[in-house]
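Structure first, then comments.
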Amino acid sequence: NAGVTQTPKFRVLKTGQSMTLLCAQDMNHEYMYWYRQDPGMGLRLIHYSVGEGTTAKGEVPDGYNVSRLKKQNFLLGLESAAPSQTSVYFCASSPVVFGRDIQYFGAGTRLSVL
Amino acid sequence: DAKTTQPPSMDCAEGRAANLPCNHSTISGNEYVYWYRQIHSQGPQYIIHGLKNNETNEMASLIITEDRKSSTLILPHATLRDTAVYYCIVRLSWGKLQFGAGTQVVVTP
Numbered sequence: 001n002a003g004v005t006q007t008p009k010f011r012v013l014k015t016g017q018s019m020t021l022l023c024a025q026d027m028n029h030e031y032m033y034w035y036r037q038d039p040g041m042g043l044r045l046i047h048y049s050v051g052e053g054t055t056a057k058g059e060v061p062d063g064y065n066v067s068r069l070k071k072q073n074f075l076l077g078l079e080s081a082a083p084s085q086t087s088v089y090f091c092a093s094s095p096v097v098f099g100r101d102i103q104y105f106g107a108g109t110r111l112s113v114l
Numbered sequence: 115d116a117k118t119t120q121p122p123s124m125d126c127a128e129g130r131a132a133n134l135p136c137n138h139s140t141i142s143g144n145e146y147v148y149w150y151r152q153i154h155s156q157g158p159q160y161i162i163h164g165l166k167n168n169e170t171n172e173m174a175s176l177i178i179t180e181d182r183k184s185s186t187l188i189l190p191h192a193t194l195r196d197t198a199v200y201y202c203i204v205r206l207s208w209g210k211l212q213f214g215a216g217t218q219v220v221v222t223p
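For the protein sequence lines, the chains are Y and Z, in the order given.
Under the numbering used here, the residues of the first sequence are numbered 1 to 114, in order.
Under the numbering used here, the residues of the second sequence are numbered 115 to 223, in order.
In structure tokens form, the structure reads like this:
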């Protein structure tokens, strides 16, 4: 049981380049999330999805786009990378169970933008 | 969502209980208290959560005060593998966890 898998694990981009981060979950969860974590700080929510075909903005959505074409996949896109987007990106998923909103996280993608 | 306050760091001796405090004085009646931890550079891991009653699972115990303005996470027998950043989170709306800076717990031999 793989849980939440993020690819790639590491990436270095030049300013202005684009890339897509992939998150895949095999737990049949309805909800999926993308967070970023900067050094010494907690996680901040970028975008989230409450189901296939739906997405919504989180706390820090600017500069990112997302898509959820399949229930098991949640993609995070950077159209024109900036040094301020250097961070560790975490994906998470959660089931819809009343009173038990537990998020399961991937191992993270470490992104450097030069 | 209610804001939480945690000490930035604390040490604990291996084998002893670790008591991690969290203040959430603005919590409302429907908000749950969640605890996650993040072992160095890994993704956060769920520990436990509760609404009003004290809770216990295989990882930890959660004690919530009667007025619900504070809570304590208890790791009963800390091991070196419990060294991590521990996040106390209070949330109302589904799925939106607001992580603060957390408490860096260092378990020493």
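All residues carry an ideal CB built from backbone N, CA and C; glycine is no exception.
Bear in mind that the values here come from a model prediction, so they are computed numbers and not experimental data.
Contact check, F90 of chain Y vs M32 of chain Y, beta carbons under 8 Å: As a position in the first sequence, residue 90 of chain Y is number 90, starting the count at 1. As a position in the first sequence, residue 32 of chain Y is number 32, starting the count at 1. Taking C-beta atoms as the reference points, F90 of chain Y and M32 of chain Y fail to come closer than 8 Å.
C-alpha distance - R36 of chain Y paired with P190 of chain Z, whole-angstrom precision: Here the question's residue 36 of chain Y lines up with position 36 in the first sequence. Here the question's residue 190 of chain Z lines up with position 76 in the second sequence. When rounded, the distance between both Cα atoms is 31 Å.
Endpoints, beta strand (DSSP E) assigned at S184 of chain Z: By 1-based counting over the second sequence, the position of residue 184 of chain Z is 70. From DSSP, the beta strand (DSSP E) with S184 of chain Z extends over 184-189.
Classification of A82 of chain Y by the beta-carbon crowding that lies within 10 angstroms, buried from 16 upward: Start at 1 with the first residue of the first sequence, and residue 82 of chain Y comes out as number 82. By the 10 Å Cβ count, A82 of chain Y comes out exposed.
K188 of chain Z and I178 of chain Z closer than 8 Å at C-beta: Indexing the second sequence from 1 puts residue 188 of chain Z at position 74. Indexing the second sequence from 1 puts residue 178 of chain Z at position 64. Strictly speaking, residue 188 of chain Z in this sequence is Ile, with Lys absent from that position. Not in contact: I188 of chain Z and I178 of chain Z (Cβ atoms no closer than 8 Å).
Among Z:Q120, Z:T193, Z:C202, Z:H154, the one whose alpha carbon lies nearest that of T222 of chain Z: By 1-based counting over the second sequence, the position of residue 222 of chain Z is 108. Among Z:Q120, Z:T193, Z:C202, Z:H154, the Cα nearest to that of T222 of chain Z is on Z:T193.
Outcome for L111 of chain Y when other beta-carbon atoms lying within 10 angstroms are tallied against a minimum of 16: Here the question's residue 111 of chain Y lines up with position 111 in the first sequence. Counting of Cβ neighbours within 10 angstroms places L111 of chain Y among the buried residues, the total reaching 16 or more.
Nearest candidate by alpha-carbon position, reference G16 of chain Y, set Y:G77, Y:V97, Y:M27: Stepping through the first sequence from its first residue, residue 16 of chain Y is reached at position 16. When the alpha-carbon of G16 of chain Y is set against those of Y:G77, Y:V97, Y:M27, the nearest one is in Y:G77.
Neighbour-count burial assignment, A24 of chain Y, 16 or more Cβ in a 10 Å radius: Within the first sequence, the letter at position 24 stands for residue 24 of chain Y. Buried.
D196 of chain Z in three-state terms, based on DSSP: What you label residue 196 of chain Z is simply residue 82 of the second sequence in a count that begins at 1. In the structure shown, D196 of chain Z sits in a helix (DSSP, three-state: H, G or I).
Range of the contiguous beta strand (DSSP E) that encloses F74 of chain Y: As a working note, residue 74 of chain Y is residue 74 in the first sequence. Run containing F74 of chain Y: 73-78, per the beta strand (DSSP E) assignment.
Three-state secondary structure assigned by DSSP to P61 of chain Y: Your numbering for residue 61 of chain Y matches position 61 in the first sequence. DSSP places P61 of chain Y in coil when its eight states are reduced to three.
Complete alpha helix (DSSP H) runs within the region 128-193 of chain Z (minimum length 4 residues, chain order): Segments of the alpha helix (DSSP H) lying fully in the region 128-193 of chain Z: there are none.
Close beta carbons around R182 of chain Z, own chain, < 6 Å, minus the five adjacent residues each side: Along the second sequence, read from residue 1 onward, the residue named residue 182 of chain Z stands at position 68. Closer than 6 Å at the Cβ level, and outside the excluded window around R182 of chain Z, lie I141.
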